[in-house]
Structure formats: structure tokens, C-alpha cells
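Worksheet: the structure to be examined is printed underneath.
In the working numbering, the protein residues as written are 1230 to 1320.
Shown next, in the form of C-alpha cells:
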């Protein structure tokens, strides 16, 4: 079962798609958490998630952190399927 989660096929199209999507999710996570690329930063993002979307603070932080770190995971290729699952669950 572990090999089905960690094993991949050598297909360059999947690799390119993984890297491109990883960059997109990393950039959006960095906007929310770090304030990069003109983003609001963590304090403002947390306020938006908790006051306007009515999410609990813990869940709001997990969504923001999941977007950032899953993007990194997709770019690096570290547990890409688990990173993709985290992204799918938060969307």
C-alpha cells in the first residue's frame, strides 16, 4: 500500500503539471501566510477566514498552512499524492 502512495510513473506531463500547480498553490499560500506577492498576510487572512467565512481559528490556520506547504510538497515532489489530497480537501 505504501508503494502505491509513493510510487510514480515516469511521465513528463504529470511532472510538469505537478510543478506548475505546486507553484500556483505555493504563491497563493504565501500571499495568505507571508504577505508575499501583494497578499494580506497571516493576520488579515485569519481575520477574513474567521469573521467573514465563520471558520474556527484552528481550521482557518490549517487551510492557510495546507495551501502553502502542499504547494511546496508538489514542487519538490515530496509525497505529492498526499499534498494533492490536502489541497483537494481544502478546496
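Beta carbons are placed, not taken as given, at the ideal position from N, Cα and C, and that holds for glycine.
Since the structure is predicted, the reported quantities are computational estimates derived from the model, not experimental observations.
Just to confirm, are residue i and residue j a CB contact at a threshold of 9 Å?
{"i": "residue 1265", "j": "residue 1259", "result": "yes"}
{"i": "residue 1318", "j": "residue 1302", "result": "no"}
{"i": "residue 1288", "j": "residue 1263", "result": "no"}
Could you round the C-beta distance between residue i and residue j to whole angstroms and report it? I think they count as a contact, below 8 Å.
{"i": "residue 1279", "j": "residue 1286", "result": "6 Å"}
{"i": "residue 1251", "j": "residue 1261", "result": "That pair is no contact at about 16 Å."}
{"i": "residue 1255", "j": "residue 1306", "result": "At roughly 13 Å, the Cβ-Cβ gap does not stay under 8 Å, so residue 1255 and residue 1306 are not in contact."}
{"i": "residue 1293", "j": "residue 1274", "result": "6 Å"}
Just the Cα atoms here: how many angstroms apart are residue i and residue j?
{"i": "residue 1249", "j": "residue 1308", "result": "16 Å"}
{"i": "residue 1311", "j": "residue 1247", "result": "12 Å"}
{"i": "residue 1290", "j": "residue 1232", "result": "31 Å"}
{"i": "residue 1239", "j": "residue 1304", "result": "16 Å"}
{"i": "residue 1282", "j": "residue 1242", "result": "36 Å"}
{"i": "residue 1244", "j": "residue 1257", "result": "20 Å"}
{"i": "residue 1314", "j": "residue 1320", "result": "10 Å"}
{"i": "residue 1215", "j": "residue 1270", "result": "The structure shown does not extend to residue 1215, since the chain spans only 1230 to 1320, so no value can be given for it."}
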